[in-house]
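Reading through the structure tokens given below for one structure.
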Amino acid sequence: MATEELTLNIGPSHPSTHGVCRLVVRLDGEIVTHVEPVIGHLHRGIEKIAENRTYLQVVPLTDRLDYVGSMYANWAYCRAVERLAGIRVPERAEYIRVIVCELQRIASHMMGIGSSAADTGATSAFLYAFDQREKVIDLFEALCGARLTYNYVRPGGVAFELPDGWIEQCRAFIEQHPSAMLTIDEFFFGNAIARVRLKGIGVLDADTAVAWGVSGPAARGSGVDWDLRRDDPYSVYPRFDFDVPLGSNGDCFDRARIRLWECIESCRIIEQALDQIEPGPIMAEGLPRLLAPRPGDAYDHIESARGSLGVYVVSDGSPRPYRMKVRSPAFCNLAVLPEIAVGYTLSDLLVILGSLDPVFGEVDR
Amino acid sequence: MRIEELRERVCAMYPDLCPLFSIEFGDGTIAVPLERIHSALADLKDMGFDRLGMVTAVDRGEDFELVYRLQSRTLRAGMFVKTMVPRSDPKIPSVCDLWPAANWQEREVYDLFGVVFEGHPDLRRILLPDDWVGHPLRKDYQDERIIRRPDYI
Chain B
889 MATEELTLNI GPSHPSTHGV CRLVVRLDGE IVTHVEPVIG HLHRGIEKIA
939 ENRTYLQVVP LTDRLDYVGS MYANWAYCRA VERLAGIRVP ERAEYIRVIV
989 CELQRIASHM MGIGSSAADT GATSAFLYAF DQREKVIDLF EALCGARLTY
1039 NYVRPGGVAF ELPDGWIEQC RAFIEQHPSA MLTIDEFFFG NAIARVRLKG
1089 IGVLDADTAV AWGVSGPAAR GSGVDWDLRR DDPYSVYPRF DFDVPLGSNG
1139 DCFDRARIRL WECIESCRII EQALDQIEPG PIMAEGLPRL LAPRPGDAYD
1189 HIESARGSLG VYVVSDGSPR PYRMKVRSPA FCNLAVLPEI AVGYTLSDLL
1239 VILGSLDPVF GEVDR
Chain G
3 MRIEELRERV CAMYPDLCPL FSIEFGDGTI AVPLERIHSA LADLKDMGFD
53 RLGMVTAVDR GEDFELVYRL QSRTLRAGMF VKTMVPRSDP KIPSVCDLWP
103 AANWQEREVY DLFGVVFEGH PDLRRILLPD DWVGHPLRKD YQDERIIRRP
153 DYI
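Chains as they are written, first to last, in our numbering: chain B, 889 to 1253; chain G, 3 to 155.
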């Protein structure tokens, strides 16, 4: 039956778009024939503002990029600045960074799995995921007083020492977390409705993922075996034993479920880090009050919850960065949406968008 | 792959550009003349740099410095390719035909710096509204809404 093509605007403010994103969709009946993400609604010009701040003042700006994974942006930025200024970070600080970033991965993936669950109507899985996320956020609150924008990783180390009893609380969390993940696995990923809604939807093949620069769980769900923690090891990651979970089908199901296994691997890393961490300084000594690295440019990247997050900093020798650029994984992952959403129904489109887990603070910067 | 090995591989491919390969802050960078940028990136892609990490620009006064970050899974290495684009005529060939990932990245550089990527399938503003005037990451960008911070440091 011939139907008239319909153009539909979803967003910018729509509960299903996971942030402020507008999707211009062309529909044939209920089937998506074309989709174009229109981004920039959350653009605050962070890269421009950074040019007018000192190196230390930029750290709180990086919090506002990926606001469900602030620790990553803090860390990536600090690594680039440390590279530029030749700062050596004390070992204890590196361990603390690894611990908080793996906790952050859990918090962020709980959001990712939770939103995939909410998209498919599984409200209880969403609540179970957010229960776990809340526990991580409480740990962060005890650590630095903030629940979302931490400003915790600073050039040269970390801002605060672990509070008394924090390691025990953290151990208690990682002890119960894997079993909570298995519970979610059983009643969400084992659920017949969720399987129908997620399996075979939004298939992204490995070659397309690489060509479009997709990284993180979105690429690993397609079987792209690439994780910077293992393949371009930074910090103290070479000392830990962990696996990189891989999907095979590249559909929404694999992308969402990869995150669940990554959380269990994160627990393994945290456990080893808590065993190995030793007392010592948490901030490099002899740092000037005002950092003014010698002219040059440096890039560093880390594996964030969304993929490879890179920060490129150019110095002209003054106390302010001449240019700061964030290579945002959410931005690159979202670019592939038009490739993978065509041919599925409108309700699948929002599930596909959710499975890429974009955070619009980072997409729009 | 160690960075010295990478330098040897790149130098074997481009003996004339070898002096332009620098190692700074642990990263390899090759500076390529503007007219050879597309062929150089195509050759590096064939060499194994399958991922285009990012495309960005830096305002260097008379010129814009275009910065390409390449990443390779097979070589386990990353490197920079840089080229200078004159401010008076900021045009550069698009690499969307090599990596589709360049599509949004080049739109962003066009939006914020005003560099025109020739051969780009859909060169429009991406982060700013379509009717925005000017390119804000240029150092000479003026806007009456910008409040200058006092220069007290």
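Built from N, CA and C at the ideal position, the CB exists for glycine as well.
At a cut-off of 7 Å between C-beta atoms, W1114(B) counts as an interface residue with respect to chain G. Under the rule that a run must span 4 or more residues, the alpha helix (DSSP H) segments found entirely inside the segment 1010 to 1055 of chain B read 1011 to 1032. If you draw a straight line from the Cα of I1001(B) to the Cα of E110(G), it comes to about 30 Å. Within the same chain, A1013, F1014, A1017 and F1076 come within 7 Å of A1005(B) by CB-CB distance, once the 5 residues on both sides are set aside.
In terms of beta-carbon proximity, G30(G) stays away from the interface with chain B, with every pair separated by 7 Å or more. Annotation: A1097(B) to L100(G) spans about 14 Å, alpha carbon to alpha carbon.
Between S96(G) and the set L22(G), D45(G), V117(G) and T76(G), the nearest pair of CA atoms involves V117(G).
Of all residues in the segment 45 to 65 of chain G, only D52, R53, L54, G55, M56, T58, V60 and D61 come within less than 8 Å of chain B when Cβ atoms are compared, listed by chain position. Runs of the alpha helix (DSSP H) lying entirely within the segment 1139 to 1198 of chain B, each at least 4 residues long, are 1140 to 1164 in chain order. Under the Cβ criterion (8 Å, minimum of three pairs), the segment 1170 to 1177 of chain B counts as touching the segment 978 to 998 of chain B. Counting only Cβ-Cβ distances below 8 Å, H931(B) has contacts in chain G at L129 and L130, in chain order. In the DSSP assignment, T921(B) falls within the unbroken beta strand (DSSP E) covering I919 to V926. Ranked by Cα distance from R1215(B), the options E146(G), G136(G), G28(G) and W106(G) are led by W106(G).
DSSP, reduced to helix, strand and coil, places R89(G) outside both helices and strands of the structure shown, so it counts as coil. Nearest CB-CB separation between W963(B) and chain G: not below the 7 Å threshold. Annotation for E990(B): S1154, I1157 and I1158 place their beta carbon closer than 6 Å to its own, counting only its chain and skipping 5 residues before and after. Within a 10 Å sphere around the beta-carbon of R78(G) sit fewer than 16 other beta-carbons, which makes this residue exposed.
Distance between N1137(B) and S1110(B), taken at the CA atoms: about 6 Å. A distance of 7 Å or more separates the beta carbons of W1114(B) and R127(G). Using a Cβ-Cβ cut-off of 7 Å, E26(G) counts as an interface residue toward chain B, since at least one Cβ of chain B sits closer than that to its own. Taking 7 Å as the threshold, the shortest C-beta distance from P102(G) to chain B falls below it.
Across the segment 1013 to 1038 of chain B, no CB contact with chain G closer than 8 Å is found for any residue. For D61(G), the enclosing beta strand (DSSP E) has its first and last residue at R53 to R62.
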